[in-house]
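What follows is a single structure, written as structure tokens, with notes after it.
Residue numbers (the numbering used here): 1016 to 1170.
Printed below as a string of structure tokens:
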């Protein structure tokens, strides 16, 4: 079943002494990173090494927050995989183990297509606003409930 769901799954263990390891990474997890399972099991820091430099701080902050509060970990940001930007969303639940380690049971999904759609929608919205403001006549948009959605400067 784990091979048929369209997200990556993992079990990650972090220790108070700073050591870490993956106990499990699914094939879809490896596919997002374009790396082999053995690579993560041998060197768990590879999972963090692809974080986009501009997103590293937010990843660290989200991790610290989850660790300090015991709340679930949630983060979305960019990875650089084979010189290509890959947007990911990561969610995991924390469990404190008897020896003081933290077990992170999580999922990771590639949200690159969603981000492209959001950027395209934003661009279209800006173009529409620019076009509306270009006209000297009053132009406005209302929704189905007759609420004003957008008006140009003349309105």
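All residues carry an ideal CB built from backbone N, CA and C; glycine is no exception. Please read all numbers here as calculations on a predicted model, not as lab measurements.
>> Can you find the residues in the same chain that come closer than 6 Å, C-beta to C-beta, to residue 1029, ignoring five residues on each side of it along the sequence?
In response: Closer than 6 Å at Cβ, skipping near neighbours: 1035 and 1117.
> CB residue 1037 to CB residue 1025, shorter than 9 Å?
Replying inline: Yes.
>> Please state the DSSP three-state secondary structure of residue 1051.
In response: Of the three classes helix, strand and coil, the one that applies to residue 1051 here is coil, per DSSP.
>> Using a 10 Å radius around the Cβ and a threshold of 16 neighbouring Cβ atoms, would you call residue 1124 buried or exposed?
In response: Around the beta carbon of residue 1124, a 10 Å sphere encloses 16 or more other beta carbons of the protein chains shown; the residue is thus reported as buried.
>> By DSSP's criteria, residue 1154 is part of a beta bridge. Which residues make up the other side?
In response: None, per the DSSP bridge assignment.
>> Within the continuous beta strand (DSSP E) that includes residue 1106, where are the two ends?
In response: Secondary structure note for residue 1106: its beta strand (DSSP E) is the uninterrupted segment 1099 to 1111.
>> Let me make sure I understand the geometry here. Which of 1083, 1133, 1103 and 1104 has the alpha-carbon closest to that of residue 1110?
In response: The shortest Cα separation from residue 1110 among 1083, 1133, 1103 and 1104 belongs to 1083.
> Between residue 1073 and residue 1085, which are expected to be in contact by the criterion C-beta below 8 Å, what is the C-beta distance as a whole number of angstroms?
Replying inline: Wrong, their Cβ atoms sit about 20 Å apart, outside the cutoff.
> Where does residue 1075 land, buried or exposed, given buried means 16+ other C-beta within 10 angstroms?
Replying inline: Looking at its Cβ environment, which holds fewer than 16 other Cβ atoms inside 10 Å, residue 1075 is exposed.
>> If you measure between the beta carbons of residue 1122 and residue 1023, is that distance less than 9 Å?
In response: Yes. Within cutoff.
>> the ligand HEM and residue 1076: does any heavy atom of the ligand fall closer than 8 Å to the residue's C-beta?
In response: The ligand content of the structure shown is nil, which means the ligand HEM is not present either.
>> Taking the alpha carbon of residue 1106 as the reference point, which residue from 1119, 1132, 1100 and 1112 has its own alpha carbon closest?
In response: For residue 1106, the nearest C-alpha among the options comes from 1119.
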